Every structure is written in structure tokens, then in C-alpha cells.
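Comments concern the structure below.
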Amino acid sequence: MYHPTTRLLTVLELLQAHPQLSGPEIAHRLEVDVRTVRRYIVMLQDLGIPIEGERGRHGAYRLRPGFKLPPMMFTDEEALGLTLGLLITRRLGLSIEAPAIEGALAKIERVLPDALREQVQAVQESLLIHLNIHHAAPASNLIVLFSTAVQQNRRVQLTYIAWNGEISTRPFDPYGLVMHGGFWYTVGYCHLRDDLRTFRLDRVTNAEVLTESFTPPANFDTVGQVMKGIASTPGTWRVEVILEMPIEQAVQQIPPYLGLMEAFGERVYLTIYTQKLDWVGNFLVGLNCEFQICNPPELRKVLQHLAAKITRIVEASEI
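In terms of our numbering, the sequence shown opens at residue 85 and continues consecutively.
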């Protein structure tokens, strides 16, 4: 839950960034009701902050002219970088409450020179950030918890819901955090499985930092291991094919999170876990190389249907 003291500071920052704001405007930005805003205003006034208000249900609030907190100074690049970072944070779907973002943006605007403030406002009002995030993001406190555990080499006790709905609890040594494809992952040593494991944070239902510490392996490839972990996630189908191309060419054409690749002489043995076979058939044909199907037999039918479809399209397109 968002701390009331932080909300008070956010109200103060908003009032310093605007000539005046109505109670409903402040309530909208903080995602609270107007009565709560009036209570915050009274609390700030009790602290000696010179806030003036107009009477009425929708009366506006403003700071007495001349009242300012000590400013922070930013270069043009710093201000733009901070603004872009906050705008992207909005779109990441993190469970960071609106007042945190609005308060930070208001702080930046408040200390900027007029010309730079206009540039930052132009970015806020015109920039559209499109991120393909269609799922529930992890709680922001989980990101902080695992980041702290990684930094301090502290063991974590976590409860996890697997892809098939199985719930388990385990001690886990987190080596790193990665955001990929709109999901947050942690990778490290799982004491339940006695092996490296990758976990999606949005599937972690509970986590606690323990007193035990650990020593992470030197030069650990966090991103590479997460990609391997994603590719190793079980699915309804396990596809195994032999590609008629060298491994050097395969790693250039096949994303590491899509499948597990290993050299097989001058060829490549590719394993893909998936819930549906249709897209695998299209993907393999798009590689523009010959391949042998090892498993499952159903993939042959998928490719036969695809071949028939392509034939119909070609025949219908004859001039």
C-alpha cells in the first residue's frame, strides 16, 4: 500500500509544478477521492506549508507565491532521460502506483528552466510508447526484493506457480534479473531441483529474503541462461528436428529463447517446446533449409496441410 507521507509529498510537488490545481484534478492524479485530498491539504497546512484554497466542492488549491523547496539541477540530457524513463515505466505495467510517477514528473518539471520545461512537456504530450505487454506485471516490491538479494548474494525462499499450475516452495539463490518480451525473470540455483532454474516473477506468489548467503559463479551469463530457461520451458509438444545447416548459421537465424540448439556434425539438432504445432511448421519452412522431423509424427501432417495450402495459393495466382 502506498504510504500516506509519500502522498503528502506528491501533493506538494504537484502544487509546486502548477499555478493551481482543483481537488478533483489532484484526486485523479493520486487515484484517491476528493475528501482524501482535502485531508492531505489540511495536513500540509498543519505542517506550515502555505497552501491557499478556494471554497466550494471543486475549489482550487495553490501555493502562496514565493514558496519553493530547494531545487535540483538537471542538464537537458538528464531531464529528457528521466522523463523518458518515467514514461516507459508507466507502460511497463509495473504495480507502481500513479502518484509515484506523477510526483517524479512534477519534480522534474518544477526545477527546469522554461525552455527545457516546454521540451519535456512536448515529449510527455506527444510521445506514444507502444509495448506489447498483455499480462499482469509482477509486484514492484518483488523486483526490489530480488534485486536486493542479487546484489547482496542472499538466498530467497519463494513460492511459485509453474506453467501447468503446480505450486511449489523452494530455497533459491538468485544470480540476476532479466526483462524479456514483457516478462521479468530471475535465474539462479534452485535447491529443490539442485540445478539452475529460471522463474517468471509474475508467477511468484510469495518470496522472502533469508539470512543465508551464497557465492555466485564467476562470469555467469545471466541473459544467456534466461534465454535457455525460456526455451526449456515444457509445453504440450516437444518438437525435435535436424536442420541441414551449420550451427553458426542457425544461431544467426533462430532466437535463443525459441529453441535449444546443439551441433550435430555439420547439422543442427533443434528442440522446441510449444503449446501449438502450427506456428512451428511455418517457422521451419521459413528457415529456407532442408530438415528432418524426428518428433512428433503430428508435425508431418501440419507440414502436409501447409504444403497443400501453398499449392492452392500458387495455382490460384497463375496468370
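C-beta: ideal position from N, C-alpha, C; glycine also. This one's a predicted model, so the numbers in the text were calculated from it and none came from an experiment.
Any heavy atom of the ligand PLP closer than 7 Å to the Cβ of residue i?
| i | result |
| --- | --- |
| T243 | Summarising the ligand content, the structure contains no ligands, and the ligand PLP is consequently not present. |
Return the chain-ordered list of same chain residues with a C-beta closer than 8 Å to the C-beta of residue i, the five sequence neighbours on each side being excluded.
| i | result |
| --- | --- |
| E332 | none |
| V364 | W321, V323, I356, T358, L383, V386 |
| L196 | F158, A163, V204 |
| A111 | D117, V118, T120, V121 |
| R148 | P134, I135, E136 |
Is residue i helix, strand or coil when you go by DSSP?
| i | result |
| --- | --- |
| G137 | strand |
| D279 | strand |
| S401 | coil |
| H102 | coil |
| H389 | helix |
| L200 | helix |
| N366 | helix |
| H112 | helix |
| E186 | helix |
| F230 | helix |
| M85 | Note on M85: pLDDT 45, under 50, position unreliable in the model; the coordinate value appears next. Three-state result, M85: coil. |
| D130 | helix |
| E350 | coil |
| A223 | coil |
| I338 | coil |
| L215 | coil |
| K191 | helix |
| L361 | coil |
| T159 | coil |
| L171 | helix |
| L93 | helix |
Kindly identify the DSSP beta-bridge partner or partners of residue i.
| i | result |
| --- | --- |
| T253 | T243 |
| F375 | L327 |
| R146 | E136 |
| L344 | T355 |
| L261 | T270 |
| R238 | S297 |
| Q284 | Per the sequence shown, the amino acid found at residue 284 is Arg instead of Gln. Y269, per the DSSP bridge assignment. |
Output needed for residue i: all residues of its chain with C-beta closer than 6 Å, excluding positions within five of it in sequence on either side, in chain order.
| i | result |
| --- | --- |
| L354 | V325, L327, G343, M345 |
| I314 | Y341 |
| N290 | T243 |
| E292 | Q241 |
| A190 | E97, L98, A101 |
| M311 | P340, Y341 |
| A347 | I331 |
Within the same chain, show all residues whose beta-carbon is closer than 7 Å to that of residue i, passing over the 5 residues directly before and after it, in chain order.
| i | result |
| --- | --- |
| Q376 | V325, I326 |
| E138 | A144 |
| L368 | V325, F375 |
| L96 | L128, I133 |
| C373 | L327, E328, M329 |
| V307 | V262 |
| S231 | L261 |
Under 8 Å by Cβ, that's how I've got residue i and residue j pegged, so tell me the actual separation to the nearest angstrom.
| i | j | result |
| --- | --- | --- |
| Q309 | T270 | No, Q309 and T270 are not in contact; Cβ-Cβ is about 11 Å, not under 8 Å. |
| P58 | H275 | There is no way to answer for residue 58, as the model of the chain reaches only from 85 to 403. |
| L171 | L200 | The pair is not a contact, with the Cβ atoms about 16 Å apart (cut-off 8 Å). |
| F267 | R284 | 5 Å |
| G337 | L371 | The displayed chain sequence assigns Gln, not Gly, to residue 337. Their Cβ separation, rounded to whole angstroms, is 6 Å, which keeps Q337 and L371 in contact under 8 Å. |
| R277 | D257 | Between D257 and R277 the Cβ distance is about 12 Å, and since that is not below 8 Å, they are no contact. |
| S316 | N237 | At roughly 25 Å, the Cβ-Cβ gap does not stay under 8 Å, so S316 and N237 are not in contact. |
| T167 | V207 | 6 Å |
Within 8 Å of any Cβ in chain B, is that where the Cβ of residue i sits?
| i | result |
| --- | --- |
| Q333 | Absent from the structure is chain B; it holds one protein chain and no more. |
Worksheet item: Which ranges does the beta strand (DSSP E) cover as unbroken runs of at least 3 residues, wholly within the segment 287-336, from first to last along the chain?
Response: 288-297, 321-327
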